[in-house]
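A short write-up of the structure that comes next.
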Amino acid sequence: MILLPNVVRTRTSDIIIFIIPMIVVLFALLIIPLIYSFWISLCELDLGIQSYLIPTFIGLGNYIRILTDKMIWNSFAITVEFVSISLALELGLGLVLALALLRIPRGVTFYRTIFLLPLTIAPALAAALFKSMLNSDFGVINYLIESLGFQGVNWLSDPSIVVFVFILLDLWQNSPFALLVFYAGLRSIPRSIYDASELDGASSFQILRYITFPLLKRIFLIVMIVRGLTLFQIFDYVHVLTGGGPGYSSQFISWTLYIYWVRLFNFGVASALSWLVLLVTIPFILYFFKFIIEE
Numbered sequence: 025m026i027l028l029p030n031v032v033r034t035r036t037s038d039i040i041i042f043i044i045p046m047i048v049v050l051f052a053l054l055i056i057p058l059i060y061s062f063w064i065s066l067c068e069l070d071l072g073i074q075s076y077l078i079p080t081f082i083g084l085g086n087y088i089r090i091l092t093d094k095m096i097w098n099s100f101a102i103t104v105e106f107v108s109i110s111l112a113l114e115l116g117l118g119l120v121l122a123l124a125l126l127r128i129p130r131g132v133t134f135y136r137t138i139f140l141l142p143l144t145i146a147p148a149l150a151a152a153l154f155k156s157m158l159n160s161d162f163g164v165i166n167y168l169i170e171s172l173g174f175q176g177v178n179w180l181s182d183p184s185i186v187v188f189v190f191i192l193l194d195l196w197q198n199s200p201f202a203l204l205v206f207y208a209g210l211r212s213i214p215r216s217i218y219d220a221s222e223l224d225g226a227s228s229f230q231i232l233r234y235i236t237f238p239l240l241k242r243i244f245l246i247v248m249i250v251r252g253l254t255l256f257q258i259f260d261y262v263h264v265l266t267g268g269g270p271g272y273s274s275q276f277i278s279w280t281l282y283i284y285w286v287r288l289f290n291f292g293v294a295s296a297l298s299w300l301v302l303l304v305t306i307p308f309i310l311y312f313f314k315f316i317i318e319e
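Under our numbering, the first residue of the sequence shown carries the number 25, and numbering increases by one thereafter.
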């Protein structure tokens with residue numbers, strides 16, 4: 025069917041009429057808060073020293089304060105350590121479990137369901153379960169350790185190991201996500217490719233290195249970006265397990281932001297810190313969208 029010019033113009037105008045309300049809503053709910061947040065980040069707005077909510081413009085004062093605050097730099101360092109180790113372990117364990125599931129002759133649905141159960145638990149509840157098991161006085165983990173003749177461990181009050189408790193909890197709960205995505209990716213690889221490689225005399229390691237890994241490269245990138253951004257926002261675990269302690273040993277950047285915003289009521293510094301975190305994560309977000317669009 026051939027559309028006349030006036031018909032095309034009419035349909036275009038109709039589309040614009042329907043889109044305008046959504047643009048207005050998007051602007052009201054997203055753009056305006058972002059602009060206001062950036063404005064607040066350039067102002068002094070601290071209910072700890074002010075009795076009113078009138079911003080006082082101070083330029084880059086909040087940003088300078090953040091960049092010279094050792095506690096915030098420590099929070100960034102702890103967060104980067106947690107994200108790096110957790111992400112590497114999630115990817116590794118998820119791939120290993122996916123490869124194992126692919127080779128199980130029967131009962132795949134049962135094992136897959138078992139592996140995915142932790143993913144269905146709310147993060148706060150998972151943290152509460154871990155906190156109960158790791159309790160230094162009556163936790164089941166210390167009970168088992170002491171029953172073997174060893175001394176119990178202060179899992180949540182020892183600054184040297186508390187971050188690794190968070191890593192262990194994250195690995196238990198979130199590695200099933202990597203497992204699920206990798207398993208779907210492995211199932212999508214044609215069996216004929218593996219058969220041809222085996223006929224050519226390729227070993228299992230060579231097949232894994234030269235066939236499986238290259239074909240899963242895009243899936244690796246997706247899981248890495250999605251999980252990396254999620255790990256950077258860790259909050260529930262901190263709130264339930266340690267509250268940022270002992271000392272500042274588990275004060276991740278999201279928890280530092282929470283302290284400035286909710287406990288100290290320093291909205292200027294909190295907004296500035298939010299924008300700095302956004303600047304750190306924007307490159308990964310843009311790369312993810314670029315990757316999706318190219319696909």
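Glycine included, C-beta positions come from ideal geometry on N, C-alpha and C.
Residue nearest to residue i in terms of C-alpha spacing, selected from the options
| i | options | result |
| --- | --- | --- |
| P79 | I90, S65, I88 and L91 | S65 |
| F139 | I90, A202, F308 and R130 | A202 |
| G269 | T133, S184 and F315 | S184 |
| L125 | L143, F229, L168 and G209 | G209 |
| R251 | W285, E114, A52 and Q275 | E114 |
| I277 | I47, F51, F106 and A152 | F106 |
| L121 | W196, A152, Q175 and D93 | W196 |
| F312 | Y282, L153, L117 and L253 | L253 |
| V247 | I283, G85 and G116 | G116 |
| I306 | I249, N86, I47 and P238 | I249 |
| V205 | I128, R136 and Q230 | R136 |
Residue i (DSSP reduced to helix, strand or coil)
| i | result |
| --- | --- |
| F289 | coil |
| F134 | helix |
| R242 | helix |
| Q275 | coil |
| I258 | coil |
| L27 | Residue confidence for L27 is low, a pLDDT of 47 falling below 50, so the modelled location carries little weight and cannot support an answer. |
| A296 | helix |
is_contact[residue i, chain B] using C-beta, thresh 9 Å
| i | result |
| --- | --- |
| P79 | Among the chains in the structure shown there is no chain B, since it carries only a single protein chain. |
Residue j beta carbon less than 9 Å from that of residue i
| i | j | result |
| --- | --- | --- |
| A181 | S199 | For clarity, residue 181 is Ser in the given sequence; the question names Ala instead. No, these two residues do not count as a Cβ contact at 9 Å. |
| M157 | I169 | no |
| W285 | F62 | no |
| I102 | Y272 | yes |
| V301 | W279 | no |
| D70 | G292 | yes |
Taking 8 Å as the threshold, find out whether the region 186-195 comes into contact with the region 253-261 through three or more Cβ pairs. Taking 8 Å as the limit for Cβ pairs, the verdict is that the region 253-261 does touch the region 186-195.
Across the region 91-103 and the region 220-234, are there enough close Cβ pairs to call them in contact, namely three or more that are closer than 8 Å? Touching, no.
Let me know the alpha helix (DSSP H) ranges lying completely inside the region 48-104, each 4 residues or longer, listed in chain order. Fully enclosed alpha helix (DSSP H) runs of 4 or longer: 56-65 and 85-91.
As an exercise, report each continuous alpha helix (DSSP H) stretch of at least 4 residues that is fully enclosed by the region 104-163, in chain order. The region 104-163 contains these whole alpha helix (DSSP H) runs: 132-140 and 147-157.
What are the complete alpha helix (DSSP H) segments, minimum 4 residues, inside the region 152-221? Scanning the region 152-221 for uninterrupted alpha helix (DSSP H) segments of 4 residues or longer gives 164-171 and 186-212, listed from N- to C-terminal end.
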